[in-house]
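These protein sequence lines map, in sequence, to chains A and B.
For the first sequence, full-length UniProt numbering begins at 1 and goes up steadily by one.
For the second sequence, full-length UniProt numbering begins at 1 and goes up steadily by one.
Glycine included, every Cβ here is placed at the ideal spot set by N, Cα and C.
All values reported here derive from a predicted model rather than from experimental measurement.
Single-structure report; data block below.
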Amino acid sequence: MAEKEEGVKLIGSWASPFSRRVEMALKLKGVPYDYLDEDYLVVKSPLLLQLNPVYKKVPVLVHNGKILPESQLILEYIDQTWTNNPILPQDPYEKAMARFWAKFVDEQVTLIGLRSLVKSEKRIDVAIEEVRELIMLLENQITEKKFFGGETIGFLDMVVGSMIPFCLARGWEGMGIDMIPEEKFPELNRWIKNLKEIEIVKECIPDREKHIEHMMKIVGRIKAA
Amino acid sequence: MAEKDQVKLLGIWASPFSRRVEMALKLKGIPYEYVEEILENKSPLLLALNPIHKKIPVLVHNGKTILESHVILEYIDETWPHNPILPQDPYERSKARFFAKLVDEQIMNVGFVSMARADEKGREVLAEQARELIMYLEKELVGKDYFGGKTVGFLDFVAGSLIPFCLERGWEGIGLEVITEEKFPEFKRWVKNLEKVEIVKDCVPPREKHVEHMNYMAERVRSS
């Protein structure tokens, strides 16, 4: 790529699906990067607050002095800057679909998914149904496909993968909820098995036990708020 | 690119989200069939095309359905690449998208949703929050005719359709001045520039009707 490139730096958090997905993309394209971990449940570093004054969140990518927040925007930037192993589809319509579903996951599914973690025992069944209704839409999208990206993983695999099986599911597990059972979601379960076999995905999955503990802390925080 | 492109847009005259799509279609000279939807009485077509969100705008292009105004704008730009609306440079493109998100999420929330539910004192607080956010846009406009540079682009359509030609009509209706000339000279200059652009003018809802409509929309928020 460019002449004398400064390195790529990623400020992220080991438990954040948003920063994990960026790592998946960087690794897929073989882009070396310096990683700085934020323990955001404790305190946000002055560096983070300086780099992302608007949202004060991870991940933030720094490349040749350019500062990029917002995981989906970072993924698109990475795809346009390092064009090997593309993660977004070429076709404008397929691309639009990938972006639509990514938004759906990060907005709707995340919101309803987090909500289901804090519901009382009385309300949990309704909450589970609500989440499953949304996830069924993704089940339909993955039918007969190895990955959302087709034969190889792409943008939507990274977004959905980092958020659902390797983040929300750890929360559900901690709460004793089997949200995505095999008999109801055979396609998604197949997809998750496929994902788990990919080297770069495996490297970007937070440690299960540690992550369940972390998600329970988040649940505690939401309940206390 | 197909021979006879069939393009249909489902929208609402007062919605900044469908107006911005019209701006893009007009900029690229793409002929389209426009279907006016009624908020309180959504057509079977809309419900069939967007069963998940049941919202406009919906673009149908040669049988393919595209939802969500930002996704539609990017689709339009990639399908008809002349008169590009997004910057070529990946970083500039990210910035445009970042600010578009800021406009449609934070500014929209503070400037409309929260404001509809607030009392007079609350409104002043929210107006200050809106000003803080709009200051980011003010800084982006320094030395530029438009966010897109010399010509209108993606962020001009997003911010233009939402702020001067939608939220400001709402603020006018409640007698609130959020964006003043002294604090936001660049922004005011940009709006004046925008108002001279033919395709933008064509896509701005009529003022009085719109002010009335925004009051109605605020009422809806309060009663929901």
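Which residues DSSP lists as bridging A/Ala33, in chain order: Checking the sequence, you will find Tyr at residue 33 of chain A rather than Ala. A/Tyr33 is bridged to A/Val8.
Contact set between B/Glu68 and chain A, taken where Cβ atoms lie within less than 8 Å: For B/Glu68, the neighbours in chain A by C-beta distance under 8 Å run, in chain order, Arg99, Phe100, Lys103.
Integer Cβ distance of A/Leu47 from A/Lys56, believed to fall under 8 Å: About 11 Å separates the CB atoms of A/Leu47 and A/Lys56; that is not less than 8 Å, and the two are not in contact.
Buried versus exposed, by CB contacts within 10 Å (16 or more), A/Arg221: When all chains shown are included, A/Arg221 counts as exposed.
Helix, strand or coil at A/Glu121 [DSSP, three-state]: Coil at A/Glu121, not helix or strand.
With 16 other Cβ atoms within 10 Å as the buried cut-off, status of A/Gly161: With 16 or more other Cβ atoms within 10 Å, it is buried.
Cutoff 8 Å: A/Pro89 Cβ touching any chain B Cβ: No, because no Cβ of chain B sits closer than 8 Å to the Cβ of A/Pro89.
Cβ-Cβ distance between B/Glu36 and B/Cys203 below 8 Å: For B/Glu36 and B/Cys203, no; Cβs fall outside 8 Å.
Three CB pairs or more closer than 8 Å across the segment 129 to 138 of chain A and the segment 92 to 100 of chain A: Under the three-pair Cβ rule at 8 Å, the segment 129 to 138 of chain A does not count as touching the segment 92 to 100 of chain A.
Cα-Cα separation between B/Leu67 and B/Arg220, rounded to whole angstroms: Computed Cα separation, rounded: 24 Å.
A/Val219 vs A/Val118 beta-carbon contact at 8 Å: It is a contact, given that the beta carbons lie within the stated cut-off.
Where B/Glu36 sits in the DSSP three-state scheme: DSSP places B/Glu36 in strand when its eight states are reduced to three.
Same chain, Cβ closer than 6 Å to A/Tyr40, neighbours up to 5 away in sequence not counted: For A/Tyr40, where only same-chain residues beyond five positions count, the Cβ hits under 6 Å are Ser13.
Continuous beta strand (DSSP E) stretch holding A/Lys66: start and end: Counting along the chain, the beta strand (DSSP E) containing A/Lys66 begins and ends at 66 to 69.
Inter-residue Cα distance where the pair is A/Met1 and A/Thr81: Here the model assigns A/Met1 a pLDDT of 49, short of 50, so the residue's position is not dependable and the matter cannot be decided.
C-alpha gap between A/Leu34 and B/Gly11, whole angstroms: The question names Leu, yet the displayed sequence has Asp at residue 34 of chain A. A direct Cα-Cα distance of roughly 46 Å separates A/Asp34 from B/Gly11.
Neighbourhood of A/Glu213 by C-beta distance below 7 Å, restricted to the same chain and skipping five residues each side: Closer than 7 Å at the Cβ level, and outside the excluded window around A/Glu213, lies no residue.
CB-CB length for A/Ile78 against A/Ala25, believed under 8 Å: About 5 Å; that satisfies the 8 Å criterion.
For B/Leu27 and B/Asn83, believed in contact at Cβ under 8 Å, the rounded distance: 5 Å between Cβ atoms; contact.
Top-ranked residue by Cα proximity to A/Lys146, from A/Ile177, A/Asn189, A/Met179, A/Arg123: Its Cα nearest to that of A/Lys146, the residue A/Asn189 stands out among A/Ile177, A/Asn189, A/Met179, A/Arg123.
C-alpha gap between B/Pro31 and B/Leu25, whole angstroms: Roughly 7 Å separates the two Cα atoms.
C-beta neighbour in chain A for B/Val110, strict 8 Å: With 8 Å as the cut-off, B/Val110 does not count as an interface residue toward chain A.
Proximity test, Cβ basis, 8 Å: B/Tyr32 and chain A: For B/Tyr32, no Cβ of chain A is located within less than 8 Å of the residue's own Cβ.
Touch test, the segment 184 to 201 of chain B against the segment 150 to 160 of chain B, Cβ-Cβ under 8 Å, three pairs minimum: With the cut-off at 8 Å, the segment 184 to 201 of chain B and the segment 150 to 160 of chain B touch.
Cβ shell of B/Ser43 (< 7 Å), same chain only, five flanking positions each side left out: In the same chain as B/Ser43, and ignoring 5 residues on each side of it, the C-beta atoms closer than 7 Å to its own belong to Glu37, in chain order.
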